[in-house]
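Worksheet: one structure, shown below.
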Amino acid sequence: MNTTEEKLKAFQRLLDVMDELRLKCPWDKKQTFESLRANTIEEAYELCDAIMKKDMKEIRKELGDVLLHIVFYSKIASETEDFDIADVCNSLCEKLIFRHPHVFGEGAAKTAGEVEQTWEQIKRKEKDGNETVLSGVPDALPALIKSYRIQDKARNVGFDWKEKEDVWDKVKEEFDELQAEVKNMDAEKMEEEFGDLMFSMINAARLYKINPENALEKSNQKFIRRFNYVEQKSIEKGVELKDLSLEEMDQYWNEAKLKEQNKK
71 MNTTEEKLKA FQRLLDVMDE LRLKCPWDKK QTFESLRANT IEEAYELCDA IMKKDMKEIR
131 KELGDVLLHI VFYSKIASET EDFDIADVCN SLCEKLIFRH PHVFGEGAAK TAGEVEQTWE
191 QIKRKEKDGN ETVLSGVPDA LPALIKSYRI QDKARNVGFD WKEKEDVWDK VKEEFDELQA
251 EVKNMDAEKM EEEFGDLMFS MINAARLYKI NPENALEKSN QKFIRRFNYV EQKSIEKGVE
311 LKDLSLEEMD QYWNEAKLKE QNKK
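Counting from 71, one number per residue, gives the positions in the sequence shown under the numbering used here.
Rendered as structure tokens:
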């Protein structure tokens, strides 16, 4: 691996390249915070995709793309004298030091759980910290991730189930309420109860240390693999996928499922 000197040299090289691009490239010169925003979101998702696939080569590549955006935003801000990359790094270091008194101060924490117990209280003591427990949850987060973060932050101040097993009673309660509204065919209330059921399931995932976003994505990929197998079988048979009977689709689906199980 690279030495500290080599790492610093590489970072300096990146800053120099960014300066050159901003000065001489017509496309880079015209970029703004707003124009880069959508690409930043896309890069973050591409990184997440590489992580899910455990593709280290792609993870390295996508981390570079995310780092580019951090350097790019900092360069733009430096031109208006709002801040630069040093300010970004220093403010991050200050935050990390403040939030880890058990490492850099006189605090004590021997386990990850003990760190989590005081995390929200420490954050709220920060200068410019969150005014309320939930104010630190970004509005723009995808709903599933936002639910998890809301519940996790509430847990950090003691608002949680005494016994994690009790959450299943809540899941059942929400499922029963959804079924009742389905019978009534009230679209608005069905949507509300469906949301409540999802929220309770995400809560269960949190309590059992399951990342619901990762779990759902794994199910997405599993469905894609099996559905692609069904489609491939229809091609081999010389018929359109839509012309297969449901029984034939189920047969091929189960074949794909069995093949996956045999690989484990």
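Where is the CB? At the ideal position from N, CA and C, for every residue including glycine. As the structure is a computational prediction, the values presented were derived from the model and not from experiment.
Counting only runs of at least 4 residues, the region 74 to 142 fully encloses the following alpha helix (DSSP H) elements, listed from N- to C-terminal order: 74 to 94, 96 to 100 and 103 to 122.
Counting only runs of at least 4 residues, the region 140 to 174 fully encloses the following alpha helix (DSSP H) elements, listed from N- to C-terminal order: 155 to 169 and 171 to 174. The three-state secondary structure of W189, taken from DSSP, is helix. Contact between Q221 and N273 holds, with the beta-carbon distance rounding to 5 Å and staying under 8 Å.
Where E262 is concerned, the enclosing alpha helix (DSSP H) starts and stops at A257 to L277. DSSP places E184 within a helical segment (H, G or I) once states are collapsed to three.
Scanning E301, D135, F168 and L162 for the CA closest to the CA of S315 turns up E301. DSSP places V207 in the coil class of the three-state scheme, outside both helix and strand. With a 10 Å radius around the Cβ and a threshold of 16 neighbouring Cβ atoms, F269 comes out buried. Around I167, the same chain offers F174 as residues with beta carbons nearer than 6 Å, after the five sequence neighbours per side are excluded. W231 sits in coil when the DSSP states are folded into three classes, being neither helix nor strand. Distance from the CA of W238 to the CA of D246, rounded to the nearest whole angstrom, comes to 12 Å.
By the criterion of a C-beta distance shorter than 6 Å, L311 is surrounded in its chain by E301 and S304, once the five residues flanking it on both sides are discounted.
Proximity of the region 142 to 162 to the region 119 to 126 falls short of the contact definition, fewer than three beta-carbon pairs being nearer than 8 Å. Taking all protein chains shown into account, E176 has fewer than 16 neighbouring C-beta atoms within 10 Å of its C-beta and is therefore exposed. A straight-line Cα-Cα distance of about 52 Å links N324 and V158. Annotation for M319: the continuous alpha helix (DSSP H) segment containing it runs L316 to K333. In the DSSP assignment, K312 falls outside any alpha helix (DSSP H), carrying neither H nor E. With respect to E262, E244 sits apart: the two C-beta atoms are not nearer than 8 Å. Within the same chain, Cβ atoms closer than 7 Å to the Cβ of E128 are found at A120, the five residues on either side in sequence being excluded.
Excluding its 5 nearest sequence neighbours in each direction, Q291 has C-beta neighbours in its own chain below 8 Å: M122, listed in chain order.
DSSP places A213 in the uninterrupted alpha helix (DSSP H) bounded by A213 to N226. The three-state reading of DSSP puts A250 in helix, counting H, G and I together. Exposed is the label assigned to A108, since fewer than 16 other Cβ atoms lie within 10 Å of its Cβ. Taking a C-beta distance under 8 Å as the contact criterion, L117 and V141 do not qualify as a contact pair. When DSSP states are grouped into helix, strand and coil, I280 belongs to the coil group.
With respect to M271, V241 sits close: the two C-beta atoms are nearer than 8 Å.
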